[in-house]
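*Asks:*
Residue numbers (our numbering): 377 to 589.
1. Put residue 434 into one of helix, strand or coil per three-state DSSP.
2. With distances taken between CB atoms, is the gap from residue 551 to residue 504 smaller than 7 Å?
3. With residue 463 and residue 579 assumed to form a contact (beta carbons below 8 Å), what rounded beta-carbon distance in angstroms separates them?
4. How would you label residue 584, buried or exposed, when you count the other beta carbons within 10 angstroms and need 16 or more for buried?
5. Quick check: the stretch 465 to 474 against the stretch 490 to 503, are there 3 or more CB pairs under 8 Å?
6. Looking at residue 556: is its Cβ nearer than 7 Å to the Cβ of residue 461?
7. Anyone know if the C-beta pair for residue 558 and residue 521 falls short of 7 Å?
8. Taking the runs of the alpha helix (DSSP H) that are 4 residues or longer, which of them lie wholly in the stretch 524 to 588?
9. Check whether the Cβ of residue 453 lies closer than 6 Å to any heavy atom of the ligand MG, and answer yes or no.
10. So is residue 483 buried or exposed if we call it buried at 16+ other beta carbons inside 10 Å?
11. Only counting the same chain, and skipping five residues up and downstream in sequence, which positions put a Cβ closer than 7 Å to that of residue 449?
12. With DSSP as the reference, label residue 512 as helix, strand or coil.
13. Quick check on residue 522: does DSSP put it in helix, strand or coil?
14. Which residues mark the beginning and the end of the beta strand (DSSP E) in which residue 451 is found?
Rendered as structure tokens:
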């Protein structure tokens with residue numbers, strides 16, 4: 377994977393700067409039942425509240441707690457490295473975007489280090505959820521629709537590729553995605569898009585069959 381030595385977003389300090397994206401870290405948990413929060417944020421519409429309850433119910437049936445998971449972290453790492461991106465995420469769309477799988481640069485790399493959650497309104501994964509299909513953005517500044525985003529300023533992102541996590545029932549649990557501070561050639565878009573789509577299939581297969589660690 378390229379380390380982008382001339383990247384203008386790379387910070388000179390050895391310790392990563394604090395950023396507003398992380399909300400809270402999550403601890404590993406064993407497979408088993410979990411209880412969703414008792415209240416749903418008032419900003420959600422009735423349809424969003426119903427979809428959220430359905431996601432929790434499906435995760436309960438699968439026996440997948442919405443917490444950091446070593447196996448899914450590995451899937452995020454493999455996805456990012458195959459795509460040649462610095463960051464890879466497996467994201468459950470709950471009260472917040474919840475990264476049960478995460479790959480990112482080391483803490484001493486000078487790149488931004490993110491946490492395991494992010495607002496539902498930030499990034500491009502909400503668009504993937506709405507469209508229910510992959511979103512390839514080889515350069516987020518190439519389209520005015522996608523160029524204005526909190527993540528661009530907070531992390532310095534130029535390329536995003538995401539795909540939905542769709543259960544066989546048709547329910548969309550979340551997304552997988554890769555992001556990077558450097559844009560990608562348009563000629564690479566299909567290859568990277570296919571990597572995210574294939575990873576989404578692997579994640580759903582893992583959630584359906586593999587034990588959580």
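Backbone N, C-alpha and C define an ideal beta-carbon position, used for all residues, glycine too.
*Replies:* On the basis of the supplied data:
1. Here residue 434 sits in helix by DSSP.
2. Yes, they are a contact pair.
3. Wrong, their Cβ atoms sit about 16 Å apart, outside the cutoff.
4. It counts as exposed.
5. Yes: the two stretches touch, three or more of their Cβ pairs being nearer than 8 Å.
6. A contact, by the Cβ cut-off of 7 Å.
7. Not in contact: residue 558 and residue 521 (Cβ atoms no closer than 7 Å).
8. Segments of the alpha helix (DSSP H) lying fully in the stretch 524 to 588: 526 to 531 and 565 to 585.
9. Here there are no bound small molecules, and the ligand MG is not part of this structure.
10. Per the 10 Å Cβ criterion, exposed.
11. 477, 478 and 479, listed in sequence order.
12. Residue state, collapsed to three classes: strand.
13. Three-state DSSP puts residue 522 in a helix.
14. Note, residue 451: premise wrong, no beta strand (DSSP E); alpha helix (DSSP H) at 446 to 459.
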